[in-house]
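2 protein chains.
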Amino acid sequence: MKKIPDMVIRRLSTYSRVLSDLMEKGIDLVSSDELGKLSGCNGTQVRKDLAYFGQFGTRGVGYRISELKSRITKILGMDGRWNVALIGIGNLGTALLSHEGFRRHKFDIIIGFDVDKSKVGKKFNGVEIKDMSELKRAISEKDIKMAIITVPVQSAQTVANILVDAGIKAILNFAPVNISISKDVFLKNVDLSLELEGLSFFLTHNEYQNNEFNGSYG
Amino acid sequence: MKKIPDMVIRRLSTYSRVLSDLMEKGIDLVSSDELGKLSGCNGTQVRKDLAYFGQFGTRGVGYRISELKSRITKILGMDGRWNVALIGIGNLGTALLSHEGFRRHKFDIIIGFDVDKSKVGKKFNGVEIKDMSELKRAISEKDIKMAIITVPVQSAQTVANILVDAGIKAILNFAPVNISISKDVFLKNVDLSLELEGLSFFLTHNEYQNNEFNGSYG
Numbered sequence: 002m003k004k005i006p007d008m009v010i011r012r013l014s015t016y017s018r019v020l021s022d023l024m025e026k027g028i029d030l031v032s033s034d035e036l037g038k039l040s041g042c043n044g045t046q047v048r049k050d051l052a053y054f055g056q057f058g059t060r061g062v063g064y065r066i067s068e069l070k071s072r073i074t075k076i077l078g079m080d081g082r083w084n085v086a087l088i089g090i091g092n093l094g095t096a097l098l099s100h101e102g103f104r105r106h107k108f109d110i111i112i113g114f115d116v117d118k119s120k121v122g123k124k125f126n127g128v129e130i131k132d133m134s135e136l137k138r139a140i141s142e143k144d145i146k147m148a149i150i151t152v153p154v155q156s157a158q159t160v161a162n163i164l165v166d167a168g169i170k171a172i173l174n175f176a177p178v179n180i181s182i183s184k185d186v187f188l189k190n191v192d193l194s195l196e197l198e199g200l201s202f203f204l205t206h207n208e209y210q211n212n213e214f215n216g217s218y219g
Numbered sequence: 002m003k004k005i006p007d008m009v010i011r012r013l014s015t016y017s018r019v020l021s022d023l024m025e026k027g028i029d030l031v032s033s034d035e036l037g038k039l040s041g042c043n044g045t046q047v048r049k050d051l052a053y054f055g056q057f058g059t060r061g062v063g064y065r066i067s068e069l070k071s072r073i074t075k076i077l078g079m080d081g082r083w084n085v086a087l088i089g090i091g092n093l094g095t096a097l098l099s100h101e102g103f104r105r106h107k108f109d110i111i112i113g114f115d116v117d118k119s120k121v122g123k124k125f126n127g128v129e130i131k132d133m134s135e136l137k138r139a140i141s142e143k144d145i146k147m148a149i150i151t152v153p154v155q156s157a158q159t160v161a162n163i164l165v166d167a168g169i170k171a172i173l174n175f176a177p178v179n180i181s182i183s184k185d186v187f188l189k190n191v192d193l194s195l196e197l198e199g200l201s202f203f204l205t206h207n208e209y210q211n212n213e214f215n216g217s218y219g
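One line per chain: the protein sequences are H and G, in this order.
Plus 1 on top of the position in the first sequence (first one is 1) and you've got our numbering.
Plus 1 on top of the position in the second sequence (first one is 1) and you've got our numbering.
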């Protein structure tokens, strides 16, 4: 398998959501052009993205939606559920603990950590909060591979180091700071300003754009 | 100007961040290949994305970083600051009010709204919270065009309608629900599960992937 660009994975997730919507509407087949349009790109992009992973669909007929959806689900590793640890039970952490979208998309935050003794031992939305000192043992016992960092900027690097030491292999980081990390661990920074820059572009150029992405995904 | 795909805008923001980092390191020139690699894509993609907006760089020399950075900033409409309204002062809303990344990237949340009387009239991180009933007048007085929705799923559509009625032209929606909206307003949904699916893909395929995106942007 070739190195897959990050944007391809992102679009696969988007295709998957669009396909779910189409299935709910009782539709069986979709063309790459339709799928591309509904996903905010185009048919060429869809065909190119899928080509990384083999042969899909029938020329002149399109994709059988249920089959394509199930193959993309498998490619994304989303055919099971994922257990996730969350570190930093501030406002953002608390919000994510009760984020409806995660559970719906098969991500279960099953444990939280904080240094604040007033939070340790409590449950937030059914999730127990443990002290940072218990992190290594708890994560190894529960065999968790995925973690979310929602600590303040100045603690993010330290927390990332502890997570890697505990055996975490993929980290989603919400702290707006660059973290250095071991090469075999996947780190993804969520940059919320980047989403707002998309709005800025639209407001600056909206005389040129008609808003095809209205209500779209991603 | 042609219709610009959403992903292109997203990458422009990423290029802009990479260019800032290079400038801070005192570097003057960058090739499209280098810029692509640092941005998690490749040189062809960089050249293709920039081609939407005109002529950039010199063949065999590369891009003058300060010039490219300033042109991308202008394209994104980020050569000034943006005033933003935030609706829904729950955990997520409160977290975003104090999000360091926004102010650093020239987005100022200058007003918040909630229906909860215990929050109305208070200040969170210096931002005054007003009652929803004051929204229309306040947004029109302050001439705000950009808003962030952090209300619960069941209120998101109602809030979006009120925002459009108040003259808001671009909305960032954190509620995990599909909102329908007038065609001349730009709506962007933040789907945090999509970020986790990137982690899932990596954990499923990491025997094939070496993690070039480690510590990368976007």
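Don't be surprised by glycine CBs; every beta carbon is placed ideally from N, CA and C.
Can residue i and residue j be called in contact, C-beta distance under 8 Å?
i: L36 (chain H); j: Y53 (chain H); result: no
i: I220 (chain H); j: V154 (chain H); result: Given a span of 2 to 219 for chain H in the structure shown, any question on residue 220 (chain H) remains unanswerable.
i: V128 (chain G); j: L98 (chain G); result: yes
i: K170 (chain H); j: K146 (chain H); result: yes
i: T151 (chain H); j: G102 (chain H); result: no
i: I130 (chain G); j: G122 (chain G); result: yes
i: L93 (chain H); j: L93 (chain G); result: yes
i: L200 (chain H); j: E198 (chain G); result: no
i: F187 (chain H); j: F203 (chain G); result: yes
Anything in chain H within Cβ reach of residue i, meaning under 7 Å, just list it in chain order.
i: V191 (chain G); result: E196
i: A171 (chain G); result: L200, F203 and L204
Considering only residues of the same chain and omitting the five flanking positions on each side of residue i, which have a CB-CB separation below 6 Å?
i: F108 (chain H); result: W83 and V85
i: I5 (chain H); result: Y53
Quick check on the DSSP output: the beta strand (DSSP E) that includes residue i runs from which residue to which?
i: D109 (chain H); result: F108 to D115
i: N92 (chain G); result: Taken as a continuous stretch (DSSP letters only), N92 (chain G) belongs to no beta strand (DSSP E), being part of the alpha helix (DSSP H) at N92 to L98.
i: K189 (chain G); result: F187 to N190
i: V128 (chain G); result: V128 to D132
i: N174 (chain G); result: A171 to N174
i: V121 (chain G); result: Per DSSP, V121 (chain G) belongs to no beta strand (DSSP E) and is neither H nor E.
Can you list, in chain order, the residues of its chain whose CB lies under 7 Å from that of residue i, leaving out five sequence neighbours each side?
i: V19 (chain H); result: L36, L39, S40 and Y218
i: T95 (chain H); result: F125
i: Y209 (chain H); result: For Y209 (chain H), the pLDDT reaches just 45, beneath the cut-off of 50, and the residue's location in the model is therefore unreliable, although a value from the coordinates is still provided. Correct list: empty, nothing qualifies.
i: K120 (chain H); result: I90 and I130
Near residue i, what residues of its chain come up, given a Cβ to Cβ distance below 8 Å and the 5 sequence neighbours on each side ignored?
i: N179 (chain G); result: N190
i: K70 (chain H); result: S17, L20, S21 and M24
i: K262 (chain G); result: Because chain G spans 2 through 219 in this model, residue 262 (chain G) falls outside it and cannot be assessed.
i: N207 (chain G); result: none
i: R100 (chain H); result: Strictly speaking, residue 100 (chain H) in this sequence is His, with Arg absent from that position. The answer is none, since no qualifying residue turns up.
Which value, in whole angstroms, describes the spacing of the CA atoms of residue i and residue j?
i: R138 (chain G); j: E68 (chain H); result: 51 Å
i: D34 (chain H); j: N43 (chain H); result: 6 Å
i: E249 (chain G); j: R11 (chain H); result: Residue 249 (chain G) is absent from the model: chain G starts at 2 and stops at 219.
i: A148 (chain G); j: L87 (chain G); result: 6 Å
i: T205 (chain G); j: G168 (chain H); result: 16 Å
i: V9 (chain G); j: D50 (chain G); result: 6 Å
i: T74 (chain G); j: L13 (chain G); result: 9 Å
i: N126 (chain G); j: A161 (chain G); result: 24 Å
i: G27 (chain H); j: G63 (chain H); result: 16 Å
i: S32 (chain H); j: A157 (chain G); result: 32 Å
i: T159 (chain H); j: L30 (chain H); result: 49 Å
i: K118 (chain G); j: M79 (chain H); result: 42 Å
i: R60 (chain G); j: I66 (chain H); result: 44 Å
i: G81 (chain H); j: I140 (chain H); result: 19 Å
i: F57 (chain G); j: T45 (chain G); result: 13 Å
i: R105 (chain G); j: G55 (chain H); result: 43 Å
i: D7 (chain H); j: V47 (chain H); result: 15 Å
i: D132 (chain G); j: D132 (chain H); result: 38 Å
i: P177 (chain H); j: E135 (chain H); result: 26 Å
i: V116 (chain G); j: F175 (chain G); result: 18 Å
i: I163 (chain H); j: I163 (chain G); result: 45 Å
i: R72 (chain H); j: R72 (chain G); result: 41 Å
For a contact meaning CB atoms closer than 7 Å, what does residue i contact in chain G?
i: S14 (chain H); result: L195 and E198
i: S201 (chain H); result: L77, G78, M79 and W83
i: M8 (chain H); result: M8 and C42
i: R11 (chain H); result: L195 and G199
Going along chain H in order, which residues have a C-beta closer than 9 Å to the C-beta of residue i?
i: N92 (chain G); result: G91, N92, L93, G94, T95, A96, L97, L98 and S99
i: F57 (chain G); result: Under the 9 Å cutoff, chain H gives no residues; its nearest Cβ is about 17 Å from F57 (chain G).
Which residues in chain B have a C-beta closer than 8 Å to the C-beta of residue i? List them in chain order.
i: M147 (chain H); result: This model lacks chain B altogether, as its protein chains are H and G.
Which residues of chain H have a Cβ atom closer than 8 Å to the Cβ of residue i, listed in chain order?
i: D102 (chain G); result: Rather than Asp, the amino acid found at residue 102 (chain G) in this sequence is Gly. In chain order: P177, D192, L193 and S194.
i: R72 (chain G); result: Within 8 Å Cβ-Cβ: nothing; R72 (chain G) doesn't reach chain H, min ~13 Å.
So residue i is in the alpha helix (DSSP H); what residue range does that whole segment cover?
i: L20 (chain H); result: D7 to E25
i: A139 (chain H); result: L136 to E142
i: S157 (chain H); result: Looking at the sequence itself, residue 157 (chain H) is Ala, so the reference to Ser does not match. Run containing A157 (chain H): V154 to D166, per the alpha helix (DSSP H) assignment.
i: L36 (chain G); result: S33 to L39
i: I66 (chain G); result: I66 to I76
i: V85 (chain G); result: First-last for V85 (chain G): W83 to I88, but that is the beta strand (DSSP E), not the alpha helix (DSSP H).
i: D50 (chain H); result: G44 to A52
i: T199 (chain G); result: One detail in the question is off: residue 199 (chain G) reads as Gly in this sequence, not Thr. Looking at the DSSP string, the run of the alpha helix (DSSP H) that includes G199 (chain G) is L193 to H206.
Below 9 Å on C-beta distance, what does residue i contact in chain G?
i: M133 (chain H); result: Correct list: empty, because the minimum Cβ distance to chain G is about 20 Å.
i: F114 (chain H); result: In chain order: nothing, as chain G lies at least about 17 Å away.
Chain G partners of residue i, CB-CB under 8 Å?
i: V154 (chain H); result: E101
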